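Please read the structure below before turning to the comments.
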Amino acid sequence: MRRQRHSYVNMDLATQMNWRVIKSCIQFGTFALLAVACQQQSTGHSAATSPQKPNATPSRLSFFPSWSPDGSQIAFVSDRDENWEIYVMNADGSGLSRLTRNTVRDSNPDWSPDGSHIFFYSDLLDNREVYVIEIDGGAPENLTNHPSRDGVLAVSPNGSKVAWYTERDGNGEIYVMLATGTGPLNVTNHKARDRWPAWSPDGTRLLFSSDRDRHQGTDIYVMRANGNDVLRLTSMDGDNYDPEWSPDGTKIVFTSATSERSEIFIMDADGSKVVNLTMGRSDELEPTWSPDGSKITFVRVTDNVWRIYTMSPDGSSIAPNPSPL
Ligand SMILES: [Ca+2]
Ligand SMILES: [Ca+2]
Ligand SMILES: [Ca+2]
36 MRRQRHSYVN MDLATQMNWR VIKSCIQFGT FALLAVACQQ QSTGHSAATS PQKPNATPSR
96 LSFFPSWSPD GSQIAFVSDR DENWEIYVMN ADGSGLSRLT RNTVRDSNPD WSPDGSHIFF
156 YSDLLDNREV YVIEIDGGAP ENLTNHPSRD GVLAVSPNGS KVAWYTERDG NGEIYVMLAT
216 GTGPLNVTNH KARDRWPAWS PDGTRLLFSS DRDRHQGTDI YVMRANGNDV LRLTSMDGDN
276 YDPEWSPDGT KIVFTSATSE RSEIFIMDAD GSKVVNLTMG RSDELEPTWS PDGSKITFVR
336 VTDNVWRIYT MSPDGSSIAP NPSPL
């Protein structure tokens, strides 16, 4: 049974409309789409409830958490310095450092297995590209170098490959390349929009989301890393996306968004035993496992503040990450 969304009750109509646009934007892709399309589709100007709060103090947005492979640090995105930048902090919230320094959006950090590099996407050029940067900073290296949009990415468990979303073939596809940027290969090769790649812990398979089986909404699929043997895992209403295997490979967490709400679900790796972990009045998204599998870190949106939280894999012990907002 769905609970009343009390968080909307006191919002004015414009705010509610913006929320619906935000959610529809989530359904259609990445956060950049969210930010840009939301403005365009809602009021035509910078919306009060848009995730963009460049001058707010404290910052309004912390999102896209990604654990370092050794479990000691979390990379994430924040607008605390006026635009989306990649940050790294210790797991206890201390030692905050900023990795990117530019005036455009940087997002989707993911670590190399040895913790020495962070892969991310950026709007540094006119089109979006996938980059890699040393953890100590320096100049980011463009790995995609393609005039079309390249976006959400995932580094393979042994660090040899990167799977990512690209629009270079006209519809969204998952491509895989070597981590050096060479050998890009279309592994979905389907007329539908295929997004949100995630590697299995053994690196042999990929999860992704696609709208190939229905006109509204997306489901989560699994395939071999070469694109063979595609199998649909979910059959729920709304957009089911951003999946991630647990480190032991037995479970998958993902976000499920409808026009009403965005929640984090968990299921067995074969698609059975689907459970909503975040039944509540706020919206949650972007779940990711801690490397030891003991925690799921995610983003909770409350009164337009996007903050990083952590919970147990059974949905208990939900608490904000100790980092500042
Ligand atoms: Ca930036
Ligand atoms: Ca590009
Ligand atoms: Ca496609």
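For the sequence shown, the positions run 36 to 360 when this note's numbering is used. Glycine included, C-beta positions come from ideal geometry on N, C-alpha and C. This one's a predicted model, so the numbers in the text were calculated from it and none came from an experiment.
Tell me where the beta strand (DSSP E) around A174 begins and ends. 172-177
I think W324 touches I331, with their Cβ atoms under 8 Å apart; what is that distance to the nearest whole Å? 6 Å
Might you give, ordered along the chain, the residues of its own chain that have their beta carbon closer than 6 Å to the beta carbon of R133, omitting 5 neighbours on each side? E120, Y122
If you draw a straight line from the C-alpha of E319 to the C-alpha of M346, how long is it? 12 Å
Return the first residue and the last residue of the beta strand (DSSP E) that S291 is part of. 286-292
Would you list the residues sitting across from T99 in a DSSP beta bridge? The residue asked about is misnamed: residue 99 is Phe in this sequence, not Thr. The partner list for F99 (beta bridge, DSSP) is empty, contrary to what the question assumes.
Kindly indicate which residue of D248, G315, F333, R163 has the alpha-carbon position closest to the one of E295. G315
Would you say the beta carbon of N356 comes nearer than 8 Å to a heavy atom of ligand 1? no
For ligand 3, is there a heavy atom less than 8 Å away from the beta-carbon of T223? yes
Rounded straight-line distance, which links the Cα of V190 to that of I255: 19 Å
Any idea what DSSP makes of E120, helix, strand or coil? strand
Looking at C-alpha atoms only, which residue of S270, D327, V334, D338 is the closest neighbour of V309? S270
Looking at G284 and S235, is the spacing between their C-beta atoms short of 9 Å? yes
What is the DSSP secondary structure of T345, counted as helix, strand or coil? strand
Quick check on this structure: which residue in S129, F243, K196, R140 has the alpha carbon closest to the alpha carbon of L220? K196
Just how far apart, CA to CA, sit P282 and S329? 9 Å
Less than 9 Å separating the beta-carbons of S101 and P144? yes
For V334, the nearest candidate out of D327, S352, I299, G306 (CA to CA): I299
Would you check whether ligand 1 has a heavy atom nearer than 8 Å to the C-beta of E120? yes
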